[in-house]
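Residue numbers (the UniProt record's numbering), protein chains in the order written: chain Y, 1 to 340; chain B, 1 to 321.
Below you can see the structure in the form of structure tokens.
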């Protein structure tokens, strides 16, 4: 199977679905490479480089450059979705969604319920999360818990190129509004990705590694870190079961509870802020539905409750490190860990 | 444009239906039979009807939290609406939306919208669907003077111009955003002129005059249907009631409230068409009787409808999960 980057995988998903269904459009800032300039067409492929080539294949009627106007992009995409198109809106950095929350939370997410089940809003919002590039506090957040909190939104966080393609195809075919969160540190990572279209269902976690000693639940870019830790601990005879839920809404609660029932120990690794975040949510899930199986308190590995810093050393200290993840595993196993 | 007799009757019928709906909803609310908040549209009928008479079920509208009039003008079933407002089974949104969120997608009614400035971007999306699919339809955003100040509305107007979409922005300037007067809250002298600044044709009309609204809407809708892009209409009208039922309106003078009654668009319509000999009083009286019965029946149906089953609480969050 060919190896492809996360970026290519996302581009292929868009390409597959645009070819299959002419109601799929993509809309966003610079996604057709910038319009109205004096230079070449499709210069960027979006600032993320994800949509490059699509305008050549599908034209400007379906690959739509907009002004910098997030509320209008979001609202137009939601309105188009509720009237018969399947828009994929690119909103660049997730941080920029701040100016258009209303159109997502109060409009798209609620149409179906508020209108008595008759509305369908097949909208995909692609955006980019995560720290690691010294982009600081307004370009580095991992805001997935905010979207997860809103009933009516599905939230997808692919951790690798294979999942990115299959989950995005599923998202485009899905009749609900889907927030599809790409991690900026993953765009150049590679995996084996089939050329053809395939869909990965939502709400089905992937067991990245299997083991009986401790369960780690990790999301997005944290999956690779947790996997590296699991491999390292295996050399010491510690068997980690690493679960990547892939979607936070719906969440595969069953996979997590079933694993904790066997291992009795849980570490959650997430890049979101700790208060009201995914780590707290999963800890609460296991405390309320799987407490009897726990042999140790749940450990949560998250950033501190601060904005994302700029200086590279501070940013490195902000993100959950392999060392902190390993220390958390050893602590739930009852090993004494030196203070950080 | 000279309107034929059936069109005049239909215009009056829809305006009268709105007025009766609102008067009766007010009475029911004051008797404690309707939960939540209710914002009445009475006094603005010529706007909704003057625009929507040009539209079919395939055309879209987006509305405001003061949405009953737009729903009725667009052809929504008044019994389904009444059940919805009462929070009963069989309501247009099965009792999950209420007064501020009535929608009927089969009628092209994309929803009353409880967020001021919420609908213009959505309507731009509906217009984008129409253009992408190459259809001859249009999408109309009804926004108040309050909503005209929201950034979402500015972004929507700009995007509609940039993409040359078949969108019409109707600004119903009823003088107040909640309790704050338009002369204070709108920095520009004219909402229409402000809309024109986005690069689209825009005009202001007297919303007491059904015929003025109808003609301005005809022009804008025809332009949009034939690829001429978006336009704006500022309709100056009078909100007969407070912002919500129960609003004492201390912010309005007694003289102003008296003028509101005198400027009633239904009365002006009736005087004009009978004065010009285009319709007779008995024609209009028959419409009055028909509408009164329709609303009385709607209330009776709503009162006797069951409340939604509690099993409905968690349904329809997602299409599939």
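Glycine included, each C-beta is placed from N, C-alpha and C at the ideal position.
Looking only at C-alpha atoms, which of 17/B, 99/B, 47/B sits nearest to residue 218/B? Translated into the one-based positions of the second chain, residue 218/B becomes position 218. That would be 47/B, whose Cα lies nearest to the Cα of residue 218/B.
Should residue 69/Y be flagged as near chain B, meaning a C-beta pair shorter than 7 Å? As a first step, residue 69/Y must be located in the first chain, where it is residue number 69. It does; some Cβ of chain B falls within 7 Å.
Kindly indicate which residue of 270/B, 40/B, 160/B, 35/B has the alpha-carbon position closest to the one of residue 20/B. Position 20 of the second chain, counted from the first residue, corresponds to residue 20/B. That would be 40/B, whose Cα lies nearest to the Cα of residue 20/B.
Check the DSSP bridge columns for residue 231/B and list the partner residues they point to. Counting from one through the second chain, the residue named residue 231/B turns up at place 231. 168/B.
Go ahead and label residue 71/B buried or exposed: buried means 16 or more other beta carbons lie within 10 angstroms of its beta carbon, across all protein chains shown. If you number the second chain from 1, residue 71/B lands on position 71. Label assigned to residue 71/B: buried.
Quick one, which of 31/Y, 43/Y, 64/Y, 268/Y has its alpha-carbon nearest residue 240/Y's? Walking along the first chain from the start, residue 240/Y turns up at place 240. With distances taken between Cα atoms, residue 240/Y lies closest to 268/Y.
Where residue 204/B and residue 51/B are concerned, what is the direct C-alpha to C-alpha distance, given to the nearest angstrom? On the second chain, residue 204/B is found 204 positions in, with the first residue counted as 1. On the second chain, residue 51/B is found 51 positions in, with the first residue counted as 1. Across the structure, residue 204/B and residue 51/B are spaced so that their CA atoms are roughly 14 Å apart.
Chain-order list of residues whose beta-carbon lies under 6 Å from that of residue 230/Y (same chain, five-residue window excluded): Working through the first chain from its first residue, we reach residue 230/Y at position 230. These residues qualify, in order along the chain: 209, 240, 242.
Counting only beta-carbon atoms, is residue 118/Y nearer than 7 Å to chain B? For the purposes of this step, residue 118/Y is taken as the residue at position 118 of the first chain. Chain B contact via Cβ: present.
Cβ-based contacts, 8 Å cut-off: residues of the stretch 131–156 of chain Y near chain B: Listed by position, the residues of the stretch 131–156 of chain Y near chain B (Cβ gap below 8 Å) are 151, 152, 154.
Can you give me the C-alpha to C-alpha distance between residue 188/B and residue 197/B, rounded to a whole angstrom? Taking the second chain and counting its residues from 1, the one referred to as residue 188/B is at position 188. Taking the second chain and counting its residues from 1, the one referred to as residue 197/B is at position 197. If I take the Cα positions, the gap works out to 11 Å.
Once you ignore the five residues that flank residue 10/Y on each side, which residues in its own chain have a CB closer than 8 Å to its CB? In the first chain, counting from the first residue as 1, residue 10/Y sits at position 10. Result list for residue 10/Y: 50, 126, 164, 165, 168, 182, in chain order.
Whose C-beta lies closer than 6 Å to the C-beta of residue 328/Y among residues of the same chain, with five residues either side of it excluded? On the first chain, position 328 is the one that residue 328/Y refers to. These residues qualify, in order along the chain: 267, 299, 301.
Counting contacts by CB-CB distance shorter than 7 Å, is residue 129/B in contact with chain Y? Taking the first residue of the second chain as position 1, residue 129/B is located at position 129. Yes, its Cβ sits closer than 7 Å to a Cβ of chain Y.
Does residue 313/Y pass the burial test, meaning 16 or more other C-beta atoms within 10 Å, or should it be called exposed? Position 313 of the first chain, counting from 1, holds the residue named residue 313/Y. Looking at its Cβ environment, which holds fewer than 16 other Cβ atoms inside 10 Å, residue 313/Y is exposed.
Evaluate contact between the stretch 194–205 of chain Y and the stretch 284–299 of chain Y, counting only Cβ atoms and requiring at least three cross-stretch pairs below 8 Å. With a cut-off of 8 Å, the stretch 284–299 of chain Y and the stretch 194–205 of chain Y do not count as touching, because too few Cβ pairs lie within range.
Counting only beta-carbon atoms, is residue 48/Y nearer than 7 Å to chain B? If you number the first chain from 1, residue 48/Y lands on position 48. No, no contact with chain B.
Partner residues on chain B for residue 103/Y, Cβ-Cβ distance less than 8 Å: Along the first chain, one-based indexing puts residue 103/Y at 103. Those within 8 Å of residue 103/Y in chain B are 118, 121, 122, 152.
Just to make sure I have the definition right: I need the residues of chain Y whose C-beta is within less than 8 Å of the C-beta of residue 126/B. Which are they? Counting from one through the second chain, the residue named residue 126/B turns up at place 126. Simply 79, 80, 82, 83.
Between residue 268/B and residue 139/B, what straight-line distance do the alpha-carbon atoms span, to the nearest angstrom? Counting from 1 along the second chain, the entry for residue 268/B is found at position 268. Counting from 1 along the second chain, the entry for residue 139/B is found at position 139. Near 29 Å, if we compare the C-alpha coordinates of residue 139/B and residue 268/B.
CB of residue 60/Y within 7 Å of CB of residue 32/Y, strictly: Taking the first chain and counting its residues from 1, one reaches residue 60/Y at position 60. Taking the first chain and counting its residues from 1, one reaches residue 32/Y at position 32. Yes.
Between which residues of its own chain and residue 66/B is the CB-CB distance below 6 Å, once the five residues before and five after are set aside? Counting from 1 along the second chain, the entry for residue 66/B is found at position 66. 39, 41, listed in sequence order.
Any C-beta of chain Y under 7 Å from that of residue 168/B: By 1-based counting over the second chain, the position of residue 168/B is 168. So, not an interface residue.
Just tell me which of 94/Y, 132/Y, 308/Y, 64/Y has its CA closest to the CA of residue 80/Y. The residue given as residue 80/Y occupies position 80 in the first chain. The residue with the shortest Cα to Cα distance from residue 80/Y is 64/Y.
Neighbouring residues, chain Y, relative to residue 252/B (Cβ below 9 Å): On the second chain, residue 252/B is found 252 positions in, with the first residue counted as 1. Neighbours of residue 252/B on chain Y: none; closest Cβ ~29 Å, over 9 Å.
Rank 62/B, 23/B, 73/B by C-alpha distance to the C-alpha of residue 10/B and give the top, closest one. Counting from one through the second chain, the residue named residue 10/B turns up at place 10. The shortest Cα separation from residue 10/B among 62/B, 23/B, 73/B belongs to 73/B.
From residue 146/Y to residue 100/Y, what does the alpha carbon distance come to, in whole angstroms? Here residue 146/Y refers to the residue found at position 146 when the first chain is read from its first residue. Here residue 100/Y refers to the residue found at position 100 when the first chain is read from its first residue. Looking at the two C-alpha atoms, the distance is approximately 13 Å.
Residue range of the unbroken beta strand (DSSP E) whose run includes residue 44/Y: Counted from its first residue, the first chain places residue 44/Y at position 44. Where residue 44/Y is concerned, there is no enclosing beta strand (DSSP E), given that its DSSP letter is neither H nor E.
Using the C-alpha atoms, what's the distance from residue 296/B back to residue 76/Y? Your numbering for residue 76/Y matches position 76 in the first chain. Your numbering for residue 296/B matches position 296 in the second chain. Going from the Cα of residue 76/Y to the Cα of residue 296/B covers about 39 Å.
Which value, in whole angstroms, describes the spacing of the CA atoms of residue 66/Y and residue 141/B? Numbered from its first residue, the first chain carries residue 66/Y at position 66. Numbered from its first residue, the second chain carries residue 141/B at position 141. When rounded, the distance between both Cα atoms is 20 Å.
Residue 25/Y: contacting residues in chain B (beta-carbon distance under 7 Å): Start at 1 with the first residue of the first chain, and residue 25/Y comes out as number 25. Near residue 25/Y (Cβ distances below 7 Å), the residues of chain B are 132.
Look up residue 12/B in the DSSP assignment and give the residues it is bridged to. Indexing the second chain from 1 puts residue 12/B at position 12. Beta-bridge pairing links residue 12/B to no other residue.
Rounding to the nearest angstrom, what Cα-Cα distance links residue 184/Y and residue 129/Y in this structure? Along the first chain, one-based indexing puts residue 184/Y at 184. Along the first chain, one-based indexing puts residue 129/Y at 129. Taking the straight line from one Cα to the other gives about 6 Å.
In whole angstroms, give me the CA-to-CA distance for residue 340/Y and residue 236/Y. By one-based count along the first chain, residue 340/Y stands at place 340. By one-based count along the first chain, residue 236/Y stands at place 236. In this prediction, residue 340/Y has a pLDDT of 49, which is less than 50 and means its spatial position is unreliable; what the coordinates show is noted afterwards. The alpha-carbon atoms of residue 340/Y and residue 236/Y are separated by roughly 21 Å.
What are the uninterrupted segments assigned as beta strand (DSSP E) that are 3 or more residues long and contained completely in the stretch 189–251 of chain B, given in chain order? 202–206, 231–236
For residue 155/Y, which residues from the same chain have a beta carbon less than 8 Å from its beta carbon, with the 5 sequence-adjacent residues on both sides left out? Here residue 155/Y refers to the residue found at position 155 of the first chain. Excluding residues within five positions, the ones whose Cβ falls inside 8 Å are 144, 147, 148, 178, 179, 181, 247, 248, 249.
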